[in-house]
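Numbering (the working numbering), first residue to last: 10 to 168.
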């Protein structure tokens, strides 16, 4: 039995990390592990659908590069956000204040470990942020961390 479809936004903060966003979105939705051929100049949003563990239907909104402010249409019904960045999301959270007005809004912050350096969480303890480091877009930890995160989200939505 499936439940209401969850809408999850996946994006990156820097243009240099936008490929990660597309590759991870492809992998999570079961597409071939390569970038789809589309012109990123004209396509900034892709909608991918997946059923997670045959329990949760997920609509994954892949937004190429957030440029610090997400389009309002993407934030109206979003249940969570996957942010791929080696930068702390401080400015991003401030710019998207409507999304984070509720500090409980779930954020899965995925950090490419090639930029592995200590990242302090000071100032973020009051937000619902899960941090994950990965080595490449085909890292198995991405699937397991997404599974843990989406399961927790699903349980919270059922309440």
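Beta carbons are placed, not taken as given, at the ideal position from N, Cα and C, and that holds for glycine. Just so it is clear, the structure is predicted and the values come from calculations on it, not from any experiment.
Locate the beta strand (DSSP E) running through residue 117, then write down its first and last residues. In the chain shown, residue 117 corresponds to position 108, counting from 1. That run of the beta strand (DSSP E) goes 116-121.
Range of the contiguous beta strand (DSSP E) that encloses residue 143: Here residue 143 is taken as the residue at index 134 of the chain shown, counted from 1. Unbroken beta strand (DSSP E) run through residue 143: 138-143.
Note down the Cα distance separating residue 101 from residue 144, rounded to an integer number of angstroms. Here residue 101 corresponds to residue number 92 of the chain shown, with the count starting at 1. Here residue 144 corresponds to residue number 135 of the chain shown, with the count starting at 1. Spanning the two alpha carbons is a distance of roughly 23 Å.
Taking all protein chains shown into account, decide if residue 114 is buried (16 or more other Cβ within 10 angstroms of its Cβ) or exposed. Working through the chain shown from its first residue, we reach residue 114 at position 105. Buried is the call here.
In the structure shown, what three-state DSSP assignment does residue 160 receive? Position 151 of the chain shown, counted from the start, is the residue given in the question as residue 160. Three-state DSSP puts residue 160 in a helix.
Taking the continuous alpha helix (DSSP H) assigned at residue 104, which residues delimit it? As a position in the chain shown, residue 104 is number 95, starting the count at 1. First-last of the alpha helix (DSSP H) with residue 104: 99-104.
Along the chain, where does the alpha helix (DSSP H) containing residue 30 start, and where does it finish? Looking up residue 30 in the chain shown gives position 21. Taken as a continuous stretch (DSSP letters only), the alpha helix (DSSP H) holding residue 30 covers 27-37.
So residue 93 packs on residue 116, CB below 8 Å; how close in whole Å? Stepping through the chain shown from its first residue, residue 93 is reached at position 84. Stepping through the chain shown from its first residue, residue 116 is reached at position 107. With 8 Å as the limit, residue 93 and residue 116 do not qualify as a contact, their Cβ atoms being about 11 Å apart.
Roughly how many angstroms lie between the CA atoms of residue 22 and residue 99, to the nearest whole one? Numbered from 1 along the chain shown, position 13 holds the residue referred to as residue 22. Numbered from 1 along the chain shown, position 90 holds the residue referred to as residue 99. So the alpha carbons of these two residues sit roughly 11 Å apart.
8 Å CB neighbourhood of residue 122 in its chain, flanking five on each side removed: If you number the chain shown from 1, residue 122 lands on position 113. Counting only Cβ-Cβ distances below 8 Å, and skipping sequence neighbours, we find 142, 143, 144.
Looking at the structure shown, is residue 135 part of a helix, part of a strand, or coil, going by DSSP? Your numbering for residue 135 matches position 126 in the chain shown. Note: residue 135 maps to coil in three-state DSSP.
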